[in-house]
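Undergrad: One structure is given below, represented as structure tokens, and several questions about it will come after.
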């Protein structure tokens with residue numbers, strides 16, 4: 078699977094499509110699994126990249142095991158690697174303004190959104206095969 082690879086894939090897209098805005102939506106568990114990618118993103122410095130991390134302090138998709146993000150300040154890791162703009166929000170009402178601020182700023186940008194853990198069964202799980210996901214992704218990026 079691609080768990081932990083969203084930031085690597087997003088970096089590749091941002092570098093190959095510099096005229097497009099690229100938004101990576103990641104989880105805290107994914108970032109913790111691939112922390113070296115934060116340094117790579119900062120080093121490559123794509124101006125068109127916003128990295129959004131939804132931090133619920135658990136690996137929700139595999140059974141809600143605790144992650145280390147309660148002890149590791151991921152926004153500080155992003156800042157120390159060299160992301161240009163880093164914001165952290167803890168209230169739903171703050172998300173839109175923080176995102177718009179980063180959208181108007183030269184990247185790479187990092188937005189950490191703290192949320193409570195919890196799985197809504199109505200949401201369901203991914204039902205597409207890896208091949209279907211690949212095909213949809215490739216069509217979307219052209």
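Residue numbers (the working numbering): 78 to 219.
Glycine residues also receive a C-beta, built at the ideal position from the N, C-alpha and C atoms.
This one's a predicted model, so the numbers in the text were calculated from it and none came from an experiment.
For residue 203, which three-state DSSP category applies?
TA: coil
Undergrad: Skipping 5 residues on each side, what residues in its chain have a beta carbon closer than 8 angstroms to that of residue 125?
TA: 91, 94, 95, 96, 97, 98, 99 and 184
Undergrad: Does DSSP classify residue 86 as helix, strand or coil?
TA: helix
Undergrad: Leaving out the 5 sequence neighbours to the left and right, which residues in its chain are closer than 7 angstroms to residue 231 when beta-carbon positions are compared?
TA: The chain is shown from 78 up to 219; residue 231 falls before or after that span and cannot be answered.
Undergrad: Output needed for residue 128: all residues of its chain with C-beta closer than 6 angstroms, excluding positions within five of it in sequence on either side, in chain order.
TA: 101 and 187
Undergrad: Taking only heavy atoms of the ligand ZN into account, decide whether any of them is closer than 6 angstroms to the Cβ of residue 151.
TA: Ligands in the displayed structure: none, and consequently the ligand ZN is not present.
Undergrad: Work out the CA separation of residue 195 and residue 119 for me, nearest whole Å.
TA: 31 angstroms
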